[in-house]
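Engineer:
Protein chains: 2
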Amino acid sequence: MDHLTQTFFAVFIVFISAQVGAEIAQRLRLPAVVGEIGAGVLVGGSVLGWVQVTEPLELLAEIGAILLLFSVGLETRVEDLRKVGRVATLTGLGGVIVPFVLGAGWALWSGLETPKAIFIAAAFVATSAGITARVLKDLGVLHHKASRIILGAAVIDDILAMLLLAVVTSIQGEAGIDVVSLLLVLFQAIAFVALVGLVGARVMKRSSPWLEVPINPHSPFTISLALCLGLAFVAAYLGLAAIIGAFLAGMAAAETTQRDTLQRQLHPILAFLVPFFFVVTGTRVVLAELGTLSALGSLLVVTLLAIVGKVVGGGLGTLSLGRKTALIVGTGMVPRGEVGIIIANLGWQAGVLDGRMYAIIISMSLLTAIIAPSVLPLLMKPKVREEASTQT
Amino acid sequence: MDHLTQTFFAVFIVFISAQVGAEIAQRLRLPAVVGEIGAGVLVGGSVLGWVQVTEPLELLAEIGAILLLFSVGLETRVEDLRKVGRVATLTGLGGVIVPFVLGAGWALWSGLETPKAIFIAAAFVATSAGITARVLKDLGVLHHKASRIILGAAVIDDILAMLLLAVVTSIQGEAGIDVVSLLLVLFQAIAFVALVGLVGARVMKRSSPWLEVPINPHSPFTISLALCLGLAFVAAYLGLAAIIGAFLAGMAAAETTQRDTLQRQLHPILAFLVPFFFVVTGTRVVLAELGTLSALGSLLVVTLLAIVGKVVGGGLGTLSLGRKTALIVGTGMVPRGEVGIIIANLGWQAGVLDGRMYAIIISMSLLTAIIAPSVLPLLMKPKVREEASTQT
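Just so you know, the protein sequences line up as chains A and B, in that order. For the first sequence, this note's numbering begins at 11 and goes up steadily by one. For the second sequence, this note's numbering begins at 11 and goes up steadily by one.
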C-alpha cells in the first residue's frame, strides 16, 4: 500500500470502529463516547495495532475536538449565564473548587511538580453537560429543578474550566511558577474570555440580520465556522488551548438568531469528525500501563476523588434545597467526558502527562461517565415520583 | 508559532479565503469554484505564500474530494440511467468520445507519451453537471427537454469518466501499454463499477428499512459515510482512484429511501470540507507557468478543443432534435469543473503532469466553467420565448 492508501485505510478503520463501538455502548446503555474510546484502545498500537496515529489523522482529531467545543459553546448563552441563579452559580463554583483542590492535592501528594499537579487538577474540574443532559432527557426529568441546576452549573463549570485550562496551558513547560506570573496569565485569560465572550457575543447579535445577506445559502454557517477556526488559531497563537477559542466562538455564535439552524447544520459534521477525536484518544491509551496493582490503585483513588469532589462540591452549593436534591445535583455533575479527555490530550501532547497518568485520567473520565448515568436514575426516580405525588 | 499552531493558521486561511473567493465569484455571477481556486492561487506559494500544503492539509483536501464525488454519486441513480433515453445516451457518448479523441490527439501531437496523453484526454471528458444544473435552475428552464438531455447525458459522462479514470490511474507509471493489458484494466474497472454500482445498489435498496433500526439517529448517514470511506480505500487499494469508490458508494446510497435525508445532512460537511480541496488545488497552480506566450497559446488551444469537443460531440447525439437544441445541449455540457480538476490533481500527484500542464488543465477547467454559463443564457432565452409562444 502506498502512503495515501494507508492514510485512507486508517481513516476508514477509525470511522467504522467508532460507529461499531458507539453502537455497542449504546445497546449496553453506556454513553457513546465510552464505546468510541474503547474502539480506539482496541484498534490502537497497544492491542490490534491497526491504526498508527499520523499527523494527518491527528489534525482530523484536533478539528473534531475544536468543533465539539464549538458546539458546547453554542449551547452556552451569556443570557442563560445571567439567568442561572444563585444556587446554580454556587453549585458550579463548589463543583470546580473542591475537585480542583482534591486533584491537585492528590497529585502533589504523589510527588508531582506544581505545573503537572495543576494540569491533573484541571482534568478533574470540567463537567460533561452532554452526558448528564442525555440521561436526564432519557428519564424525562429535564425540566425539574435539580436538572436545571445541574445544567446551569455545568455551564459555569465549562467557563471556569476554560479559564483554568488557559492558565494551565500558558504555564506548561515553565519550570517554576510564581504568583505574579500566574496572576498575569489569569488576567490575560480572563481578558481574552471576556473580550470574545462579551464583545464578540454583542457583535454577533447585532450582525444577525446582516449574516442573512450573502448569496451563499450556507453563509451564517460558514461564517460561524470561519470564526471558530479563526479564534481557535488566535487562542493557540496566544499560547492558550485552541479549543478555548472554539468554545468562545460558539458562545458568540449562540447569540445570533440563526443559532438553531447552526446547531442543526453542525450535527452531521460532528457525527463525521468527532469520532476521530475519541478514537485517536483511545489509541493513545496503552492498556498495559494499567496492568500493575499500583496503577489500578491510583486509578481507583483518582476516580473516587473525582466522584467525591463533584458530589461534595456540587452538593454543598445546593444544600439549601435539602440533602436529597444536593445529592442528585452532585451526582449529576460527576461525568467528566469530553472536556476532561481534551485536557488529558493536551497534557499528553505537551509531555506533561506520561503514558500511565494519561491512561489513568482517560479511564477516570470514562468511569465517571459510566458510573454517574447508572446511579442518577436510582436517585432521581423516587424523587420524580415524590414530586409527581405532591402535584396530584 | 509551533507546528500545530501553524497548521491551524493554514486551515483557517484556506477556509476563510475560500469563503471570500466564493462570495466574490458569485457576486460576479461566476461559479463559486472559480473563486475558491482563485483564492488558492492567491494564498499559495506562487503569489502570497501564506499557505504551504502539508500532509495534514492534503488529507483534508482529499476527504473533501471524496465527499464531493460521493455527493455526485448520490445524484446518480441506476433507475435514472435506464430512464435517460436514447438521445441522452447518444449525447453522453458523443460528449465523451469526441473530447477524448481531441484531447489525446493534441497531447500526442505535442510530443507527450501515450500514458500522459490518455491522462490529459481523461481531464477533457468529464462534464460538471453541478455547474450547468445551477445555470439551468437560475434560468428557470430545468424542466425543458434540452435541460433534461443535458443532465441525463452528464450522468452518462460521469460514469464513463470514472471508467476512463480507472483505466488511466491503473496504467499510470507503466512505461508502455499494450492492448491486452489495457483491455484487462478496462475489464477490471468495469467489473468493479458493475459490482458496486449494481449489486451494491441492490443491497442498499433492500437494507433501507434495516438502516433505520439502530439507536443512533445519524445511523443511515454514518453508515453511508463508512461505506464511502471504505470503498474509497478499496478503490485506492486496487490501484484505482479513491474518488471512484466514493462515487460508487454514493450511487449505492442513492438507492436507499433515506437519499433525501442523506443529501441534506451531507450539505454542511461539503460546505466545510470541499473548499479545502479547491483551495489546495489553487495553491498548486503556479501563475508564472502561464506567463509565456507558448503556455498561453497552449491554454488557448486546449480550451478551444475542450469547448469544440463537447459542443460537437454532445451536439451530434442531439442532432435529431434540430440544430438549435443540439447547440444548446452541446454548450450545456462544456463546463468541466470538479471532476476535470480532480483528474488533474491525480495527474499532478502521480507526477504525470508537470507544473505547466497542471496549470493549463486547471485553467481550462475554470475557463469552460466560466464561458459556458455565460453563453448558455443567450442561447436558451430565445428558445424559451419560442417554446412559450408556441404554447400560447
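Ideal Cβ positions, reconstructed from N, Cα and C, are used throughout, including at glycine.
Which of helix, strand or coil does DSSP assign to threonine 64 (chain B)?
Structural biologist: The answer is coil: DSSP assigns threonine 64 (chain B) none of H, G, I, E or B.
Engineer: At a CB-CB cut-off below 7 Å, which residues of chain B make contact with alanine 259 (chain A)?
Structural biologist: Correct list: empty, because the minimum Cβ distance to chain B is about 11 Å.
Engineer: Beta carbons nearer than 7 Å to chain B: which residues of the segment 229-254 of chain A have them?
Structural biologist: Those would be Phe231, Thr232, Leu235, Ala236, Leu239, Gly240, Ala242, Phe243, Ala246, Tyr247 and Ala252, in chain order.
Engineer: Among A:Val88, A:Ile381 and A:Ala132, which has the Cα closest to the Cα of glycine 210 (chain A)?
Structural biologist: Of the listed residues, the one whose Cα sits closest to glycine 210 (chain A) is A:Val88.
Engineer: Among B:Thr293, B:Leu194 and B:Ala176, whose alpha-carbon lies nearest the alpha-carbon of valine 244 (chain B)?
Structural biologist: The candidate whose alpha carbon is nearest that of valine 244 (chain B) is B:Ala176.
Engineer: Can you find a heavy atom of the ligand NAD that lies under 7 Å from the Cβ of serine 120 (chain B)?
Structural biologist: Ligands are entirely absent from the displayed structure, and the ligand NAD is therefore not among its contents.
Engineer: What would DSSP say about isoleucine 225 (chain B), mapped onto helix, strand or coil?
Structural biologist: Because isoleucine 225 (chain B) carries a pLDDT of 47, less than 50, the predicted location of this residue cannot be relied on, and no value is offered for it.
Engineer: Measuring CA to CA, which of B:Gly365, B:Ile372 and B:Ser330 is closest to threonine 101 (chain B)?
Structural biologist: Comparing Cα-Cα distances from threonine 101 (chain B) to each of B:Gly365, B:Ile372 and B:Ser330, the minimum goes to B:Ser330.
Engineer: What's the call for serine 304 (chain A), buried or exposed, on a 16-neighbour Cβ count within 10 Å?
Structural biologist: Exposed: under 16 other Cβ atoms inside 10 Å.
Engineer: Along chain B, in chain order, which residues have C-beta atoms closer than 8 Å to that of isoleucine 26 (chain A)?
Structural biologist: Going along chain B in sequence order, the residues near isoleucine 26 (chain A) (Cβ under 8 Å) are Ala236, Leu239 and Gly240.
Engineer: Taking threonine 179 (chain A) as the query, report the chain B residues whose CB atoms sit under 7 Å from its CB, ordered along the chain.
Structural biologist: Going along chain B, no residue has its Cβ under 7 Å from threonine 179 (chain A), so there is no contact; the nearest lies around 12 Å.
Engineer: With a threshold of 8 Å between beta carbons, is glutamine 62 (chain B) in contact with chain A?
Structural biologist: So, not an interface residue.
Engineer: Under a CB-based cut-off of 8 Å, is glutamate 123 (chain A) close to chain B?
Structural biologist: So, not an interface residue.
Engineer: So, helix, strand or coil for glycine 55 (chain B), using DSSP?
Structural biologist: The answer is coil: DSSP assigns glycine 55 (chain B) none of H, G, I, E or B.
Engineer: Beta carbons nearer than 8 Å to chain A: which residues of the segment 276-298 of chain B have them?
Structural biologist: Per Cβ criterion, the list reads Leu276, His277, Pro278, Ile279, Ala281 and Phe282.
Engineer: Quick one: is proline 66 (chain B) near chain A, going by C-beta distance under 8 Å?
Structural biologist: Yes, contact with chain A.
Engineer: Cβ closer than 7 Å: which chain E residues qualify as neighbours of glutamine 29 (chain B)?
Structural biologist: Going by chain labels, chain E is absent from the structure shown, which instead holds the protein chains A and B.
Engineer: Give me the Cα-Cα distance between isoleucine 166 (chain B) and leucine 84 (chain B), rounded to the nearest whole angstrom.
Structural biologist: Distance between the alpha carbons of isoleucine 166 (chain B) and leucine 84 (chain B): 14 Å.
Engineer: What's the C-alpha gap between arginine 320 (chain B) and threonine 64 (chain A)?
Structural biologist: Residue identity check: residue 320 (chain B) is lysine in the sequence provided, not arginine. Near 43 Å, if we compare the C-alpha coordinates of threonine 64 (chain A) and lysine 320 (chain B).
Engineer: Using a cut-off of 8 Å between C-beta atoms, extract the partners of phenylalanine 80 (chain B) located in chain A.
Structural biologist: Near phenylalanine 80 (chain B) there are no residues of chain A at all, since even the closest Cβ is about 12 Å away, more than 8 Å.
Engineer: Taking glutamate 33 (chain B) as part of the alpha helix (DSSP H), name the residues at either end of that continuous run.
Structural biologist: Where glutamate 33 (chain B) is concerned, the enclosing alpha helix (DSSP H) stretches over 13-37.
Engineer: With a threshold of 8 Å between beta-carbons, can threonine 341 (chain A) be considered close to chain B, or not?
Structural biologist: No, because no Cβ of chain B sits closer than 8 Å to the Cβ of threonine 341 (chain A).
Engineer: Considering only C-alpha positions, which residue in the set A:Ala35, A:Pro387 and A:Phe19 is nearest to leucine 337 (chain A)?
Structural biologist: Among A:Ala35, A:Pro387 and A:Phe19, the Cα nearest to that of leucine 337 (chain A) belongs to A:Pro387.
Engineer: Shorter than 8 Å from the beta carbon of threonine 266 (chain B) to some beta carbon of chain A?
Structural biologist: Threonine 266 (chain B) does not count as touching chain A.
Engineer: Taking the continuous alpha helix (DSSP H) assigned at glycine 319 (chain B), which residues delimit it?
Structural biologist: Looking at the DSSP string, the run of the alpha helix (DSSP H) that includes glycine 319 (chain B) is 303-328.
Engineer: In angstroms, rounded to a whole number, what distance separates the CA positions of isoleucine 225 (chain B) and alanine 35 (chain A)?
Structural biologist: Confidence in isoleucine 225 (chain B) is poor, its pLDDT being 47 and thus under 50, which makes the residue's placement too unreliable to answer from.
Engineer: Thinking C-beta only, is phenylalanine 25 (chain A) closer than 8 Å to proline 285 (chain A)?
Structural biologist: It is a contact, given that the beta carbons lie within the stated cut-off.
Engineer: Just mark arginine 39 (chain B) as buried or exposed, buried being the case when its beta carbon has 16 or more other beta carbons within 10 Å.
Structural biologist: Exposed, since its Cβ has fewer than 16 Cβ neighbours within 10 Å.
Engineer: Grouping DSSP H, G and I as helix and E and B as strand, with all else coil, what is histidine 277 (chain A)?
Structural biologist: Residue state, collapsed to three classes: helix.
Engineer: Kindly indicate if chain A contains any beta-carbon less than 8 Å away from that of threonine 271 (chain B).
Structural biologist: No, because no Cβ of chain A sits closer than 8 Å to the Cβ of threonine 271 (chain B).
Engineer: Spatial neighbours of leucine 170 (chain B) within its chain, please: C-beta separation below 6 Å, excluding the five flanking residues on both sides.
Structural biologist: Hits under 6 Å: Val106.
Engineer: Cα separation between phenylalanine 288 (chain B) and leucine 149 (chain A)?
Structural biologist: Taking the straight line joining both Cα atoms gives about 46 Å.
Engineer: Counting along the chain, where does the alpha helix (DSSP H) carrying leucine 337 (chain B) start and finish?
Structural biologist: Taken as a continuous stretch (DSSP letters only), the alpha helix (DSSP H) holding leucine 337 (chain B) covers 333-342.
Engineer: Among A:Phe282, A:Arg216 and A:Ile352, whose alpha-carbon lies nearest the alpha-carbon of valine 178 (chain A)?
Structural biologist: The shortest C-alpha separation from valine 178 (chain A) is found at A:Ile352.
Engineer: Using CA atoms only, rank isn't needed, just tell me which of B:Gly162, B:Phe134 and B:Ala132 is closest to threonine 142 (chain B).
Structural biologist: Threonine 142 (chain B) has its Cα closest to that of B:Gly162, out of B:Gly162, B:Phe134 and B:Ala132.
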